[in-house]
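Undergrad: Protein chains in written order, with UniProt numbering: chain A, 1 to 620; chain B, 1 to 545.
Each residue gets a CB set at the ideal place from its N, CA and C atoms; glycine is no exception.
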Amino acid sequence: MSRPFPYTYISCPCADTPVPDPARKRRSRGTPQKSPNPEQPNVDNEDKKPQEEENEDEEEEEQTFDPRSPRSNFSLYPPEQLLYCEDCHQIKCPRCITEEIVSWYCPNCLFETPSSMVRSDGNRCGRNCFNCPTCTAPLAVSTIENVTGNGSQQGPWVLSCGYCMWTTLDIGIKFDKPTNIRTQLQKMTDATATPSYDRSRQASRTFGDLKSPLSSYASIDEQSASREGSGEQSATNEDTIPTPDLGTDARFAALKSFYRTQISETSTSPGDPLGSDLGFSSPGALNRLMSLYASSSRLSGLYGGNKKQKSKPPVMREALTSSEGLRIAPDNGDADVIERLGSQECGWDGVASIEQRQDQSPDVRFADDLIPLPCLLRTKRAKRCKSCKHILVKPETKPQSTRFRIRLIALSYIPLPTLRPLALPSSSSMMSAPIPDLNSLPPLRPVHVLLTLKNHMFDPVRITLATPSVTPGRVASKVTVLSPQFDIGANSDVWDEALQNASAPVTGDPKLATLRGVPEAGKVWDKGRNWTTVVLEVVPGTLPGSEAEGGNEVTAKDGTLATQQDEDVLEIPVFVHMEWDAEAQLEQQNVGKASKPDDLVARELAYWMVLGVGRIQASL
Amino acid sequence: MATSTPSTGDNKRTMPATSNLRHSQSARPSSPHTPQQQPRSGNASFASSTSPGSSFRNEDDAIIFEIGTRWIRAGFEGNGSPACTVGFGPEEMRRVGDYRGWIQGASGVGPLPRPVNAEDWVRDYELWRHDLRDLDLGLVEDKIERALRETYNQHLLTDAGTSRLVLALPSLMPHPLLSSLLSALFSRWRFPSVTLLSSATMSATAAGLRSALVVDIGWAETTTTAIYEYREVTTKRSTRATKLLMQEMGRILTVLGSDKAPEEAVKDEISVGFTYCEEVTTRFAWCNPQVEAGGAVSGPDRTISIPSPNNPDKDFCDIPFAQLSEPVEKVMFAPGVTECEMDDEEKSIPVLVYNTLLTLPPDARGTCMSRIVFVGGGSRIPGLRQRILNEVSLLIDQHGWSPIRGKVLERQRERLERMKISSQTNEEAQPTNKSSAPSHDEGEKPDPSREEPEIDFVEQKLRRQNKDTSVLVQGVLREVESLGAWAGASLVTSLKIRGMVEIEREKFLQHGLAGATRESEPPVPDRRSGLRAGDRSSWTLAGWA
């Protein structure tokens, strides 16, 4: 794939344990389960199909891992990205860990943001870090004089992009001070969003800011009182007033305050004797927002039963004015937008792209409407095993530090697989055999690759490799592991090897390895202190539709002729099973009767690995 | 127990509110769920909302996700717009460590190596499709898991699973999809509960309305949902939506890019990149607001230059601006196709809106037709909403509100009229009509001055009871803009309104969707219980059942 050939991926075993869904069992019994890979419906030969169906009822682990299935993209990871839980003795991928945020920081200025400020800052940097709205490069604060070439440091300031030469002058924004740009910008954008509607904006602002129920009470009363006065006449001649263009946030705040007022009014109904004492935010009253039901009549029956039944409780009404958040679509519609789209000066770049719009306000359509956005914060996260809560990764809090307090990466526990092609010495010349070009492997011609597994544990490991004789998918390549069972030595002191090698002839030299002769079945190719190399013999299959194809029936199907993307990539699923005798952990020793200190516990680990060998040539 | 309840009721009348609240709260676990209990359980929740404990609870804001076929919007409750919008595409489906998107440029920009079927062309960009026959639910779970994990890590910047989750979903979801979505959420993270809110109702709420006709021009389908007093009354759907629009635009661009004559490229195959086509569509797709072709909006001779379909990075090519409105018209309005030729699921959008209004009772119709809310990606296309409204009003002029139409009917009507004309003399019929109508007017004209106090009395009473009925706009076509379903869900959640459907972790993990009670309306005490989630004995799927 994108990684240069050859590469290795490891499939996290968590993919084999599907999400437990209580309803699924019934569902799958009712309707036959779909085949897991709909893209390749005719993968197998005819004789394989019944067997496949049988397997479907059995455990999923019985099935061969298919690196081409779209689901496998979500479970395959480069070996260096995996973690290992020492309690569960299992590989952990990002899907089977939980994460806890340790600290928030701005990637631009590397300042840490305290956790209390993160939400109020909207997860963005509160300082002067801004990204260019058109090209996402970081913006710099500079004076206008600097831009025009004068060196004075005074005067109005702008944000300018060093990459695409965009400045805030393009959207008509200048700053008075070079500091606290964010608050300045916020003031300006808010003001532009609500040109004529300061009052309602002010009111909504207070609602949003006030947290205490007491203070919001007072303002609610004010608001409702002012609404009583102004609301009615504005409601009557609503059609004549042009709807002011509230920004999205201002409209949202207006709607929110409107609903709050409504809820408080309807909950302090005369029919509800207790309602007058209770907060507007009480959930019981709020339920009426969604639906009306007969509770208040029951209340009045209870508490004022002998009195005449009160009138219906006041019903929440809908928003009527634009200060309440209502917005009627303008009469001329989008005529001016269409006019502008079609005009010559707008052009392709005058309209904001999807990517540019993604973080902006949803109303943005043209490139002029884009405003610079503060940098999104980043986090440092601690990671825990999802099943046992054992901590796997714990970084240091400081943003500048790249160190980790705890980091259990999987490569310290599982052997590191590396792959390289073997240049077979031809009979004529001993040394200069052509190494096969992995980006264009000729089909039907055997290739030998060397798979080296390097052990990082301090215990020797027994490895068993298993691979399907024919790779899954339409391009059936034959694979043979010449020596599927072997041992890897412990990761002992480096000097041990050096001292051993001082007496023994050097065996680990790759140049000498080519002199080893032809690979033989059942024989390990090479072996070192903590690594072992075995040979895989691969016969790449033919691509469907290529002339090398020898009457395979796949071509008969129409439409399947076209190769899917990356179908020509030769990937080999290999099942790795490793066993080793680990030293028992402390608690296990204590639990057992006073055993010897060198008590050994047999452990095993099994997972699928995918070896990306190369790309198969289209034709011979 | 029954004897003790009236006595506490008496206490309530005399004691200050706070003390009897506490009293009722302490008394409530032991008391049975009698009908008299309901007011008190409401009180308990009132008390809990003002207690310090609830303010602590308020601190961890719920997180709101709106999950659609193409995009996930996510953010915190109480915010006006989502914190992020995350899409699905082949780049999101790559393996970890596969950086091809960065090395070669994102896929879907350049032309495709070979033309593909229009359905396959869009398939990789969808999270799910409602046709579950060839959908791998496990893959959907994988995609959701990755999208949510990255959303939490990159945009929300909060620990996943600690706070409540609110999902704004379309009210018609296949149960297997809903089940895999929920089980993916619950098994991956420790969400205490997931609340489902209907996206159509939320769109109406975000417009400030109680009743509305929500027209959601989405990806796979356009749905029109009539909402009356926050309840979904009826829903109709059509496949004429953005997906078809994109495919149509793809065909146009394919023809534009190929040297062949359009006749040769009519095959249902597209050879331009999806991302490129989407870019063109979102930027420049437009619709003439007037029904007649060649309206006043822009001259037909205008051209604009868009990146060339063959080499979008370097070359530009000119295309008539009017041509960019063709796919919209063709897909959304189906010009030249009579209504009877279209299947039920592919009615044009004006017909869809009209039919939805037609099925409503007259009261609800009058209310809904002046509260038409357009949401969804398609509603961003300039001019489209106005055009739909114009065509709907044409339909209303043409047919009125009668569902009966057809040639036979017209013939019959003509025959009846002819009979009427022949049997009656025109001289008789017309004067009586004319005389009766003015007489009514003359009779009523002096009335208002005389009946002013009476009208005032009625209006006062009306205003005292429910203030809004007097000024309700009704019976005219009117469009109200909404902030969208996400904003509505954020609004509703921040007002501490509980959704009907709140699925708790333990209960879902035990029984799955099958654990939901079949009743669409849960017992009232459950909904009044406010913040106390523990005393819900059963949960329901309400509209999703």
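By the criterion of Cβ-Cβ separation under 7 Å, what are the contact partners of Ala74(B) in chain A?
TA: Ordered by position in chain A, no residue passes the 7 Å Cβ test against Ala74(B), which lies about 11 Å from the chain.
Undergrad: Among Pro176(B), Met246(B), Ser422(B), which has the Cα closest to the Cα of Gly512(B)?
TA: Pro176(B)
Undergrad: Whole angstroms are fine: how far does the CA of Gln398(B) sit from the CA of Gly377(B)?
TA: 30 Å
Undergrad: Using 8 Å as the threshold, is the C-beta distance between Ile328(A) and Val480(B) below it?
TA: In this structure, Val480(B) lies closer than 8 Å to Ile328(A) by Cβ.
Undergrad: Do we get a CB-CB distance below 8 Å when we pair Glu318(B) with the residues of chain A?
TA: Position check: residue 318(B) holds Asp in this sequence, whereas Glu was assumed. Chain A contact via Cβ: absent.
Undergrad: Residues of the stretch 124-136 of chain B with a CB closer than 8 Å to any CB of chain D: list them in chain order, please.
TA: This model lacks chain D altogether; the protein chains it does include are A and B.
Undergrad: Apply the 10 Å Cβ neighbour rule to Ser198(B) and answer buried if 16 or more other Cβ atoms are within range, or exposed otherwise.
TA: Counting C-beta atoms within 10 angstroms of its own C-beta, Ser198(B) has 16 or more neighbours from the protein chains shown and is therefore classed as buried.
Undergrad: When the Cα atoms are used, what is the spatial distance from Leu450(A) to Arg3(A)?
TA: Straight-line Cα distance between these residues: approximately 18 Å.
Undergrad: Can you give me, in chain order, the residues of the stretch 64-94 of chain B that have a beta carbon less than 9 Å from any beta carbon in chain A?
TA: Phe76, Gly78, Asn79, Gly80, Ser81, Pro82, Ala83, Cys84, Thr85, Val86, Gly87, Pro90, Met93, Arg94
Undergrad: Mark Ile616(A) as exposed unless 16 or more other C-beta atoms lie within 10 angstroms of its C-beta, in which case mark it buried.
TA: The residue is buried, with at least 16 neighbouring Cβ atoms inside 10 Å.
Undergrad: Going along chain A in order, which residues have a C-beta closer than 7 Å to the C-beta of Trp286(B)?
TA: Ile338, Leu341
Undergrad: Note down, in chain order, each residue of its chain lying with its Cβ closer than 7 Å to the Cβ of Trp544(B), except the 5 sequence neighbours on either side.
TA: Ser171, Met173, Leu178, Leu196, Val501
Undergrad: For chain B, find out if any of its Cβ atoms is closer than 8 Å to the Cβ of Val351(A); answer yes or no.
TA: yes
Undergrad: Does the beta carbon of Val601(A) sit closer than 8 Å to a beta carbon anywhere in chain B?
TA: Not an interface residue.
Undergrad: Which value, in whole angstroms, describes the spacing of the CA atoms of Phe111(A) and Glu91(B)?
TA: In this structure, the CA atom of Phe111(A) is about 31 Å from the CA atom of Glu91(B).
Undergrad: To the nearest angstrom, how far is the alpha carbon of Ser412(A) from that of Trp486(B)?
TA: Going by the C-alpha atoms only, they are around 45 Å apart.
Undergrad: Pick out the complete beta strand (DSSP E) segments inside the stretch 93-176 of chain B, 3 residues or longer, and give them in chain order.
TA: 165-169
Undergrad: How would you call Arg381(A), buried or exposed, if buried means at least 16 neighbouring beta carbons within 10 angstroms?
TA: buried
Undergrad: Going by CA-CA distance only, name the one from Ser325(B), Glu279(B), Val351(B) that's closest to Glu339(A).
TA: Ser325(B)
Undergrad: So what does DSSP say about Ser320(B), is it helix, strand or coil?
TA: The residue asked about is misnamed: residue 320(B) is Pro in this sequence, not Ser. Three-state DSSP puts Pro320(B) in a strand.
Undergrad: Is Ser187(B) near the ligand ZN - that is, is its Cβ less than 7 Å away from at least one heavy atom of it?
TA: Annotation note on the ligand ZN: not contained in the displayed structure, which lists no ligands.
Undergrad: So, helix, strand or coil for Gln485(A), using DSSP?
TA: strand
Undergrad: Would the beta-carbon of Glu97(A) fall within 8 Å of that of Arg317(A)?
TA: Note that residue 97(A) is Ile in the sequence shown here, rather than Glu. Not closer than 8 Å, so no.
Undergrad: Using 8 Å as the threshold, is the C-beta distance between Leu419(A) and Leu611(A) below it?
TA: Against a cut-off of 8 Å, the Cβ pair of Leu611(A) and Leu419(A) comes out as a contact.
Undergrad: Could you give the first and the last residue of the continuous alpha helix (DSSP H) run that contains Ser423(B)?
TA: 407-423
Undergrad: How is Val524(A) classed by DSSP in three states: helix, strand or coil?
TA: coil
Undergrad: To the nearest angstrom, report how far apart Leu352(B) and Gln474(B) are at their CA atoms.
TA: 20 Å
Undergrad: So, helix, strand or coil for Ser427(A), using DSSP?
TA: Annotation note: pLDDT 49 at Ser427(A) (below 50); position unreliable, coordinate value reported separately. Secondary structure of Ser427(A) (DSSP, three-state): coil.
Undergrad: Could you pull out every residue in the same chain whose Cβ sits closer than 7 Å to the Cβ of Ile227(B), ignoring the five residues on either side in sequence?
TA: Ala200, Thr201, Ala204, Ser211, Ala212, Val214, Val233
Undergrad: Does chain A have any CB closer than 8 Å to the CB of Pro170(B)?
TA: Not one chain A Cβ lies under 8 Å of Pro170(B).
Undergrad: Buried or exposed, going by whether 16 or more other CB atoms sit within 10 Å of the CB of residue 546(B)?
TA: Limits of chain B in this structure are 1 at one end and 545 at the other, which puts residue 546(B) out of reach.
Undergrad: List, in chain order, every chain B residue whose beta-carbon is nearer than 9 Å to that of Leu326(A).
TA: Ala207, Gly208, Leu209, Val480, Glu481
Undergrad: Determine the chain A residues that contact Glu278(B) at a beta-carbon separation under 8 Å, and present them in chain order.
TA: Ile354
Undergrad: Given that a residue counts as buried once 16 or more other Cβ atoms are within 10 Å of its Cβ, and exposed if not, what is Ala521(A)?
TA: So Ala521(A) ends up on the exposed side.
Undergrad: Does chain A have any CB closer than 8 Å to the CB of Asn310(B)?
TA: no
Undergrad: Touch check for the stretch 145-159 of chain B and the stretch 62-72 of chain B: three-plus C-beta pairs under 8 Å?
TA: yes
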